[in-house]
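Q: Okay, handing you the structure first.
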Amino acid sequence: MIEFENVTRNYGRKVAVAGLNLVVPAGELFAFLGPNGAGKTTTIKMLTGLLRPTSGHVRLGGYDLVTDSRRACALLGFVPDVPFLYDKLTGREFLHFIAGMHGLGIEAAVERVERELGQFALGEFIDELTETYSHGMKQRLVFAAAMLHDPPVLVIDEPMVGLDPRSSRLVKDLLRQKARRGTAVFMSTHLLDVAEEIADRIGIVDRGKLLCVGTLEELRRNLENQHTSLEQLFLEVTSAGGEGVRG
């Protein structure tokens, strides 16, 4: 469902992403990890059509994000790390605006909005202006907006930022549920415990290179230590430059 084929992105002489090859199939929750400046943000911008690769191809559902961007982006739901809303709209108005952007008719929009209100417990503030929302409230609304059109691909950048424990639990359970139902979920996070808890596979990137990919057990086997925590593994891989650790 998500495919990076030998993708490189340069900023002048700087190589932000180098020769990335990765496939995330339908029904998988993939966690993308790396230290600051590793290339995660550039990768997500290419995956959501905000940046073009210098070379290589990024595809969603077989559609190239450069040459067939409209059909590729129609498959996508995106939750950025910093939620962007229109301050003078209520939450309900914002959701209906997003539904219209995705071509949903009035009846379908009403049904989907009500579904997401219940799913993310938005009812008590949905008719207030979004300028009054806390960060956590904004984050929940952006999640709801990303899922209105039932996208087969979800891209999520730092999903737990600003969420209280109850909301974090709700989001983690929902992401697992989406993956079980066939959605390809690509999640970038600094929270290693979240990745360890809910991800099917994990990829660790540093200095623009994907150093290792696999389930947690596969990564542990490659390091020949069945008791290594994801934190220990992450620190070892990124400090060693990934020598001999690719899954």
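Numbered according to numbering that gives the first Met the number 0, the sequence shown spans residues 0 to 246.
Ideal Cβ placement from N, Cα and C applies to all residues, glycine included.
Model, not experiment: these values are computed from the prediction.
If we count Cβ pairs, one from each stretch, closer than 8 Å, do we get three or more for the segment 19-33 versus the segment 173-188?
A: A contact exists between the segment 19-33 and the segment 173-188.
Q: Looking only at C-alpha atoms, which of Gly207, Leu229, Thr227, Glu235 sits nearest to Asn247?
A: The structure shown does not extend to residue 247, since the chain spans only 0 to 246, so no value can be given for it.
Q: Helix, strand or coil for Val22 per DSSP?
A: Val22 falls in the strand class under three-state DSSP.
Q: Bridge partners for Tyr10 per DSSP, in chain order?
A: The partner list for Tyr10 (beta bridge, DSSP) reads Lys13.
Q: Output needed for Glu195: all residues of its chain with C-beta closer than 7 Å, excluding positions within five of it in sequence on either side, in chain order.
A: Closer than 7 Å at Cβ, skipping near neighbours: Leu215, Leu229.
Q: Could you give the uninterrupted runs of the beta strand (DSSP E) lying entirely in the segment 88-174, keeping only those of 3 residues or more?
A: With a minimum length of 3 residues, the continuous beta strand (DSSP E) runs that stay inside the segment 88-174 are 152-156.
Q: Exposed or buried, which one is Ser133 when buried takes at least 16 other CB atoms within 10 Å?
A: It counts as exposed.
Q: Within the present structure, is the beta-carbon of Phe3 separated from the nearest heavy atom of the ligand NAD by less than 7 Å?
A: Judged by which ligands are present, the structure shown has none, so any question about the ligand NAD falls away.
Q: With three or more C-beta pairs closer than 8 Å as the rule, is the segment 58-78 touching the segment 149-163?
A: Flag = yes, the segment 149-163 and the segment 58-78 touch.
Q: So Leu128 and Asp63 are in contact, right, with Cβ under 8 Å, and what is the actual spacing, rounded?
A: Actually they are not in contact, since the Cβ atoms of Leu128 and Asp63 sit about 39 Å apart, beyond 8 Å.
Q: What does the alpha-carbon distance come out to for the pair Leu169 and Pro158?
A: One C-alpha to the other measures close to 11 Å.
Q: Mind reading off the beta-carbon distance from Phe83 to Ser187? Whole number of angstroms is fine, and I expect it under 8 Å.
A: No, Phe83 and Ser187 are not in contact; Cβ-Cβ is about 17 Å, not under 8 Å.
Q: Assign Pro164 to buried or exposed, taking buried as 16 or more other Cβ atoms, counted over all protein chains shown, within 10 Å of its Cβ.
A: Pro164 comes out exposed.
Q: Where does Arg70 fall in DSSP's three states?
A: In this structure, Arg70 counts as helix in the three-state DSSP scheme.
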